[in-house]
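A short worksheet on the structure shown next.
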Amino acid sequence: MSILIDPAKCISCGRCCNICPGNLIETGNTDKAFIKYPTECWGCTACLKECPAGAIKYYLGEDIGGKGGYLYTKSHQDCINWHIVSSDKKRYHIQINKQESNKY
Ligand code: SF4
Ligand code: SF4
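This is the structure in structure tokens:
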């Protein structure tokens, strides 16, 4: 389970570095974020939700039935859009209102 950061999309805001509870993400010489300890990532998705550029992909491993699919987010003022790409390239979209996201 791990994430991958696309340096071409990263706008070097540093938000993922600050939010990761394990301090697993750093910025390099170019100020682009990268995951320094990918095997330590436990998939909390905090960095995805924080990234304003949709630069972080979260890989859905075989262990959770993902078979290589991935997801990423696009945040807007009131909502987070979760984009899921399955291993057979089908695309799904879920929109979550940020105010409602912690309600059960
Ligand atoms: S998914 Fe969670 S643990 Fe993994 S890099 Fe992102 S913030 Fe850190
Ligand atoms: S939150 Fe996104 S845009 Fe900002 S540094 Fe991290 S990967 Fe780059």
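Here this note's numbering is used: the first residue of the sequence shown is 11, the next is one more, and so on.
Where a beta carbon is used, it is the ideal one built from N, C-alpha and C, also for glycine.
For C61, the shortest C-beta to heavy atom distance toward ligand 2 is below 7 Å.
For P17, the shortest separation between its Cβ and any heavy atom of ligand 1 does not lie below 7 Å. Contact annotation, G53 with Y68: C-beta distance approximately 7 Å; criterion of less than 8 Å satisfied. Straight-line measurement puts the Cα of G38 at about 30 Å from the Cα of C89. Within the same chain, and ignoring the five residues on either side of A63 in sequence, the residues whose Cβ sits closer than 7 Å to its Cβ are K19, C20, I21.
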